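Each remark here refers to the structure printed beneath this line.
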Amino acid sequence: MPGGALSRPPPAMAGRLHQLRKRLFSNWFDGIVTLLAGAALVSIVVNLVDWAFLNAVWSEADVSQCREVSGACWSVIDARGRLVLFGLYPFDQHWRSTLACLIIVITMILSCLPALWGIKRLSALWIAGFGTFVVLMYGGIFGLSVVTTEQWGGLSLTVFIFAGVFVLGMPMAVGLALARRSKLPVIHWLAAIFIDTVRSLPLLTILFAAAVVVPFVVPQWAQGDKLGRVVVAFAIFYAAYQAEIIRAGIQSIPSGQEEAAQALGMNYRSVVLDIILPQAFRNTLPSTINQVVITFKETSIVTIIGFFDVTASASAAVGRGEWGAYYIEIYVFVALIYFVFVFGLSRYGAYLERRTRLHHG
Amino acid sequence: MLRVLRNRRTRGYVIQAAVLAASLLLTLSFVLTARDNLVSQGIATGFGFLDRSTGWPINFSIIEATDRSPYSRMLLAGFLNTILVGLAGLACATCVGLAVGLMRVSSNLILNVLGTVFVETFRNVPLILQVIFWYAILTHMPSPRAAIDLAGLGFLSNRGLMLAAPAWSALDLAIIALSIIAALFAAHRFGGTRPLAPWGLALAGIVALSVVLLFLGHEPEMPLISQPELRGLRFVGGVTIKPEFSALLIAIMAFGGAYIGEVVRGGFLSVDKGRLEAARALGLSNAQINRFIRIPLAIRAMLPALTNQYVWLMKATTLGIAIGYPDYFMVVSTSINQSGQTMELLLLLMVGFLLINYTISGTMNWINGRLAIKGRS
Amino acid sequence: MSFSRSLGLCTKKDAAWIAESSKPKEEVIMIRSTTKTLTAAAIAACLALPASAADPGPTITQIQERGSLLCTSHNGSYLGFAEVDDQGKWSGFDIEMCKALATAILGDPEALQLIPVSWAQRFPALQSGDIDVIIKVTGWTMSRDTDLGLQYSRPYFIGPTNILVRSDLGATSPEDLEGGVFCINAGTSIERIVADYMGARGISYEALNFEKAEELRAALYAGRCDALAGFGPFLAATRFNAPDPEGFTILDAVLALEPEGIAAREGDDGFIDVINWMMSALLMAEENGITQANVDEIRANPPSASVERLLGASPGVGERLGLSDDWAYTMIKAVGNYGEIYDRTVGENSVYKLPRGKNHLWSNGGLLYSLVLD
Numbered sequence: 000m001p002g003g004a005l006s007r008p009p010p011a012m013a014g015r016l017h018q019l020r021k022r023l024f025s026n027w028f029d030g031i032v033t034l035l036a037g038a039a040l041v042s043i044v045v046n047l048v049d050w051a052f053l054n055a056v057w058s059e060a061d062v063s064q065c066r067e068v069s070g071a072c073w074s075v076i077d078a079r080g081r082l083v084l085f086g087l088y089p090f091d092q093h094w095r096s097t098l099a100c101l102i103i104v105i106t107m108i109l110s111c112l113p114a115l116w117g118i119k120r121l122s123a124l125w126i127a128g129f130g131t132f133v134v135l136m137y138g139g140i141f142g143l144s145v146v147t148t149e150q151w152g153g154l155s156l157t158v159f160i161f162a163g164v165f166v167l168g169m170p171m172a173v174g175l176a177l178a179r180r181s182k183l184p185v186i187h188w189l190a191a192i193f194i195d196t197v198r199s200l201p202l203l204t205i206l207f208a209a210a211v212v213v214p215f216v217v218p219q220w221a222q223g224d225k226l227g228r229v230v231v232a233f234a235i236f237y238a239a240y241q242a243e244i245i246r247a248g249i250q251s252i253p254s255g256q257e258e259a260a261q262a263l264g265m266n267y268r269s270v271v272l273d274i275i276l277p278q279a280f281r282n283t284l285p286s287t288i289n290q291v292v293i294t295f296k297e298t299s300i301v302t303i304i305g306f307f308d309v310t311a312s313a314s315a316a317v318g319r320g321e322w323g324a325y326y327i328e329i330y331v332f333v334a335l336i337y338f339v340f341v342f343g344l345s346r347y348g349a350y351l352e353r354r355t356r357l358h359h360g
Numbered sequence: 000m001l002r003v004l005r006n007r008r009t010r011g012y013v014i015q016a017a018v019l020a021a022s023l024l025l026t027l028s029f030v031l032t033a034r035d036n037l038v039s040q041g042i043a044t045g046f047g048f049l050d051r052s053t054g055w056p057i058n059f060s061i062i063e064a065t066d067r068s069p070y071s072r073m074l075l076a077g078f079l080n081t082i083l084v085g086l087a088g089l090a091c092a093t094c095v096g097l098a099v100g101l102m103r104v105s106s107n108l109i110l111n112v113l114g115t116v117f118v119e120t121f122r123n124v125p126l127i128l129q130v131i132f133w134y135a136i137l138t139h140m141p142s143p144r145a146a147i148d149l150a151g152l153g154f155l156s157n158r159g160l161m162l163a164a165p166a167w168s169a170l171d172l173a174i175i176a177l178s179i180i181a182a183l184f185a186a187h188r189f190g191g192t193r194p195l196a197p198w199g200l201a202l203a204g205i206v207a208l209s210v211v212l213l214f215l216g217h218e219p220e221m222p223l224i225s226q227p228e229l230r231g232l233r234f235v236g237g238v239t240i241k242p243e244f245s246a247l248l249i250a251i252m253a254f255g256g257a258y259i260g261e262v263v264r265g266g267f268l269s270v271d272k273g274r275l276e277a278a279r280a281l282g283l284s285n286a287q288i289n290r291f292i293r294i295p296l297a298i299r300a301m302l303p304a305l306t307n308q309y310v311w312l313m314k315a316t317t318l319g320i321a322i323g324y325p326d327y328f329m330v331v332s333t334s335i336n337q338s339g340q341t342m343e344l345l346l347l348l349m350v351g352f353l354l355i356n357y358t359i360s361g362t363m364n365w366i367n368g369r370l371a372i373k374g375r376s
Numbered sequence: 000m001s002f003s004r005s006l007g008l009c010t011k012k013d014a015a016w017i018a019e020s021s022k023p024k025e026e027v028i029m030i031r032s033t034t035k036t037l038t039a040a041a042i043a044a045c046l047a048l049p050a051s052a053a054d055p056g057p058t059i060t061q062i063q064e065r066g067s068l069l070c071t072s073h074n075g076s077y078l079g080f081a082e083v084d085d086q087g088k089w090s091g092f093d094i095e096m097c098k099a100l101a102t103a104i105l106g107d108p109e110a111l112q113l114i115p116v117s118w119a120q121r122f123p124a125l126q127s128g129d130i131d132v133i134i135k136v137t138g139w140t141m142s143r144d145t146d147l148g149l150q151y152s153r154p155y156f157i158g159p160t161n162i163l164v165r166s167d168l169g170a171t172s173p174e175d176l177e178g179g180v181f182c183i184n185a186g187t188s189i190e191r192i193v194a195d196y197m198g199a200r201g202i203s204y205e206a207l208n209f210e211k212a213e214e215l216r217a218a219l220y221a222g223r224c225d226a227l228a229g230f231g232p233f234l235a236a237t238r239f240n241a242p243d244p245e246g247f248t249i250l251d252a253v254l255a256l257e258p259e260g261i262a263a264r265e266g267d268d269g270f271i272d273v274i275n276w277m278m279s280a281l282l283m284a285e286e287n288g289i290t291q292a293n294v295d296e297i298r299a300n301p302p303s304a305s306v307e308r309l310l311g312a313s314p315g316v317g318e319r320l321g322l323s324d325d326w327a328y329t330m331i332k333a334v335g336n337y338g339e340i341y342d343r344t345v346g347e348n349s350v351y352k353l354p355r356g357k358n359h360l361w362s363n364g365g366l367l368y369s370l371v372l373d
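Below, the structure written as structure tokens:
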């Protein structure tokens, strides 16, 4: 049954055939299931290849060709792809948006390297990456023209929201988790109520509230612009989830360690920073990455409250003129963009999970 | 030592008092600033608007809600829409998730591959994109005049799925309810000790009683089944499942199914192999092992993750706004725009979702408590 | 509290405005005393400063300090009025009006930040200060004027509410659409107009509401709805953009004639004055044949005293609004007169080729006119 195939040594050629037969036709019921499921799989693949490749139009933007074929019209990507990727960002400044995106992607890849795992190193990396991103996107120095946030759009906006949420949310999450673990009842309960309430509300309502209600309840000097407010609200939402993950991680550490450290005369700060948090993070890496993946996907929700992220600019791209009929192609294109990020991240998470499992023996 | 303790305790009190005071002050300042802003811009406040008629209709509701209904009723209609699509979504996602999870732990290679492709496809694309995608597909079905005939069961068109439905009067419903109660009582009273026997008996009883009572007590001129038929621009009769509802449901089903599938897989993988081997050594058959050891243990392992998933999926129904499904969030959003009562309506929105989600997690925790193995924490 | 405002800009008018805002109403009893004290402090502080002759009001002062106008655009493309092209640039009638207003206040059509907001969010966004002004074909209705705390300018566009139907239905009047599905923009006045019109005639229909114009159009093109009810010019643009324009027809019936106004926050009369006179200047320029091309020539050689004042060749027109004297000249130089804006975005020089109809000067059979500039 499950996992059985994994632990065995790689079989020889004949053994492999036997293995295959055992996994496909071990008895008559299995055989029927295999045949039916196989037929379904084949028909899906054939139809997909037919639509996406064999009958598709790949040439440069010309809508008349697409009307004649039954397959996909990938020309629409050529015509509207830039709108999808950059949204409202000024056309002649698109290189900045591209570069900024690349920087965040590189930061993400770097922070996956175990060599950089450490609170100080990771913080420094992210603050540097995020800072460069903002400077590039916003401009105003080094001779870059100013591009205000409502012109940000497309992939770089998605990436910005994601990175902003991560950078702001992580410290908040640590704070909330520690507060919830606090022995002082008031702090414990306030943190608990806060976390549970935020977790019970849909992200959309929280973002909506940040966009429209916050300006009513905080004085003008503390409001910031809409994008800033939304990122902060999103970060709070992320922090509430991440805090629970960290708390679980802290709980998984034997309490003896904390007591031992205190007995050695270490103060609270260094117990937390040097003993508790590193272990808590290591123990919960898979769930943390899972949460990061979810957050990346959920950035698409900002499209509902009027931001031009990748999803919104996809709708805008098919909403006008002669390309409107080729909505599926655009949505598939955007889905692929998300897929690359999310699938990459979740594979990485699975790799870490296997790694930790191996270490634990 | 005592002094240190007392010191620490005093420090604790001081910190707590400070934090409490700060949060209260913050809340107070929010309230005061809000009041001031509202008053200075001449915006009306209070919940009086709930009694005013909305002047706009919504396209889907399980209770009567028209443009003459007051805001309170419209909000209730939206709330019920959220619950409807949420519960249907949870049920479907659980079924799909169970199937996918079993496929992924199955020994059959093809099923493995299918399950994995399903999970990776639907889990790695944002839900909102899937919602929009399915909606686009559903609205590109043929028009009502060219609707696809589903062999007497109903029709499929870009206006949705029109199905033949039982046309039951209140009397019929009462009869059915009565027969259910009677059958349940009988099953409880006379059922054996085998775990499935009472349920089988109850089901058979319900079916038999309902059929008999319905044919005896039914009003003669009313048809039992209402068939949809095209009249003018729309189908009349039967029930219509609108594309907005279906698209949201399919998306939640696929996305939730992929996640729940992973929960199910995790649950099965978490079952200690030693226990299975022990059961085998005791001479239990494969079916018995599955039924008495594997599935119960797996379900217990799944429940906490499942609770989180359910709460998450329920919240995800808010995405209905992207395709015009009038869920609670969309009705609130439109009401905000039409009445201008931003704060009040957002408050109602949040209270509504807190209510739903606390109910879900409460129920799941109760089930979890009932199922927990005695003697283990 | 009104602290920041009173600190930022202390003028007599502002103090009066603050005092107005703290008028005792029953719902403010709790904070009345606090507000009163603050108001008193604000008034005292304001009286201590010299008040300038022409006070532009808080919004304009804010815009001038910021150096840009925060104006509405759309979350997607609202054809003809706010649409985004392949390069992510905004264009359309409403966008041009934003440019005109930015030029009038700041002298530069580019001193403008276009904030994408959905229909449902335009009012909260205005109330919360995310935008200075709504120029988003926003109908003037009673609940918006009162409950929402909006202040409307004089109408800048007269919009009929029409119905766009699929031609294959063969419908010629709304009565033929009995039982049909209507797609409508969520959170707009159209929702109510249709409900009223159909209700009064006893025609049953099903309303399908969408937040975004894209989804609305997609639903219509796909046949999810039989008809699209909406603002006439938008319907014409939607028809033009359809994969098969011949497949759609706009019915003759006018469900309602709605004046579209520019909306600002209540309690800032100076700003509304500027908006109203901006509109008047655009119309007056058209009445007098002043265009983007000939404005310099006419300014150098004005045919009448009022044109001379309008173009700032003789002083007075700007100071009274708290603007520079040549604001109207700069504005016409930047965007042209009303007719030019119309023709460029939705009229004969655009792809949509909409006739002027009611949006013509009164002298040409329309409903628009300029106010007297004295």
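From first to last, the protein sequence lines are chains A, B and C. Taking numbering that gives the first Met the number 0, the leading residue of the first sequence gets 0, the next gets one more, and so forth. Taking numbering that gives the first Met the number 0, the leading residue of the second sequence gets 0, the next gets one more, and so forth. Taking numbering that gives the first Met the number 0, the leading residue of the third sequence gets 0, the next gets one more, and so forth. Beta carbons: idealized from backbone N, C-alpha and C, even for Gly. All figures in this text were calculated on a predicted structure; none of them were measured in a lab.
Residue i to residue j span [Cα, whole Å]
{"i": "A:Arg15", "j": "A:Asp77", "result": "45 Å"}
{"i": "B:Ser142", "j": "A:Thr157", "result": "37 Å"}
{"i": "C:Gly201", "j": "B:Val99", "result": "50 Å"}
{"i": "A:Phe24", "j": "C:His73", "result": "58 Å"}
{"i": "A:Ile304", "j": "B:Gly231", "result": "38 Å"}
{"i": "C:Ala221", "j": "B:Phe267", "result": "44 Å"}
{"i": "C:Ile340", "j": "C:Val334", "result": "7 Å"}
{"i": "B:Leu281", "j": "B:Phe291", "result": "13 Å"}
Assigned exposure category for residue i - 16 Cβ within 10 Å defines buried
{"i": "A:Tyr350", "result": "exposed"}
{"i": "B:Glu63", "result": "exposed"}
{"i": "C:Glu174", "result": "exposed"}
{"i": "B:Phe132", "result": "buried"}
{"i": "A:Glu149", "result": "buried"}
{"i": "A:Gln256", "result": "exposed"}
Candidates the options, of which the one nearest residue i by Cα
{"i": "A:Glu328", "options": "A:Val45, A:Ser199, A:Phe52", "result": "A:Phe52"}
{"i": "B:Ser105", "options": "B:Ala300, B:Gly265, B:Pro125", "result": "B:Gly265"}
{"i": "C:Leu322", "options": "C:Glu296, C:Gly311, C:Gln291", "result": "C:Gly311"}
{"i": "B:Thr81", "options": "B:Glu343, B:Phe244, B:Ala253, B:Ile175", "result": "B:Phe244"}
{"i": "B:Ala21", "options": "A:Ile186, A:Tyr240, A:Leu101", "result": "A:Ile186"}
Beta-bridge partners of residue i, as assigned by DSSP
{"i": "C:Gln150", "result": "C:Ala263"}
{"i": "C:Leu256", "result": "C:Pro159"}
{"i": "A:Tyr88", "result": "The partner list for A:Tyr88 (beta bridge, DSSP) is empty, contrary to what the question assumes."}
Quick one, which residues of the segment 186 to 202 of chain A are near chain C if we go by CB-CB under 7 Å, in chain order? The segment 186 to 202 of chain A vs chain C, Cβ under 7 Å: nothing.
Listed in chain order, which residues of the segment 86 to 118 of chain A have Cβ atoms closer than 8 Å to some Cβ of chain C? With the criterion set as a beta carbon lying under 8 Å from some beta carbon of chain C, the members of the segment 86 to 118 of chain A are Gly86, Leu87, Tyr88, Pro89, Phe90, in sequence order.
Of all the residues that make up the segment 142 to 160 of chain A, which are near chain C by a beta-carbon distance shorter than 7 Å? Answer set for the segment 142 to 160 of chain A: Thr147, Glu149, Gly152.
Using a beta-carbon distance cut-off of less than 8 Å, what residues from the segment 336 to 356 of chain A approach chain B? So the list reads Tyr337, Phe338, Val341, Phe342, Ser345, given in the order they occur along the chain.
Cβ-based contacts, 7 Å cut-off: residues of the segment 195 to 213 of chain C near chain B: Contacts with chain B (Cβ-Cβ distance below 7 Å) from the segment 195 to 213 of chain C involve Gly198, Glu205, Ala206, Leu207, Asn208, Phe209, Glu210, listed in chain order.
Could you name the residues of the segment 107 to 133 of chain C whose beta carbon sits closer than 8 Å to any beta carbon of chain A, in the order they occur along the chain? Flagged, chain order: Gln112, Leu113, Ile114, Pro115, Val116, Ser117, Gln120, Pro123, Ala124, Gln126, Ser127, Gly128, Asp129.
What residues from the segment 83 to 96 of chain B come within 9 Å of chain A, judged by C-beta to C-beta, listed N to C? For the segment 83 to 96 of chain B, which is checked against every Cβ of chain A, not one residue is closer than 9 Å.
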